[in-house]
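Throughout the sequence shown, residue numbering follows the numbering used here, covering 3 to 89 in sequence. Accompanying notes for the structure given below.
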Amino acid sequence: MLVGKGIRAFGALIAAVAALGMAVCANAQEKKIKIGVIFDLTGPLAGGGSELEYIGAKIMLDQFSKTGVEGYKVEAVYADAQSKPDV
């Protein structure tokens, strides 16, 4: 009877160590949100307010990058559409 309790305790210890090891590995992965921002910064449509919208989006995304959102790191990806419809 004492041997059975010892085996169960040892099994529980092994399970706890394995669970803690998995938890540490899970926390090591960085949770990230990528947000893509595309504006017409060059080309014939660039003067239509795209630069102001770009600056506003950049300010907002820079703030979210500093603070994060719900534990996620925010990464912004910026692109210039060059007033081309295929971009």
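Glycine included, every Cβ here is placed at the ideal spot set by N, Cα and C.
The region 62 to 77 / the region 41 to 49 touching (three or more Cβ pairs under 8 Å): By the Cβ criterion, the region 62 to 77 is not in contact with the region 41 to 49, since fewer than three pairs of Cβ atoms, one from each stretch, lie closer than 8 Å.
ALA83 (DSSP reduced to helix, strand or coil): Here residue 83 refers to the residue found at position 81 of the sequence shown. ALA83 carries a coil assignment under DSSP once its states are collapsed to helix, strand and coil.
In DSSP terms, what GLY38 is bridged to: The sequence position of residue 38 within the sequence shown is 36, counting from 1. According to DSSP, which records beta bridges pairwise, GLY38 is partnered with VAL79.
Endpoints, alpha helix (DSSP H) assigned at GLY70: Working through the sequence shown from its first residue, we reach residue 70 at position 68. Element bounds for GLY70: n/a, residue is neither H nor E.
Short Cβ contact (7 Å threshold) for VAL89 with ALA59: The residue given as residue 89 occupies position 87 in the sequence shown. The residue given as residue 59 occupies position 57 in the sequence shown. No, Cβ-Cβ distance for VAL89 and ALA59 is not below 7 Å.
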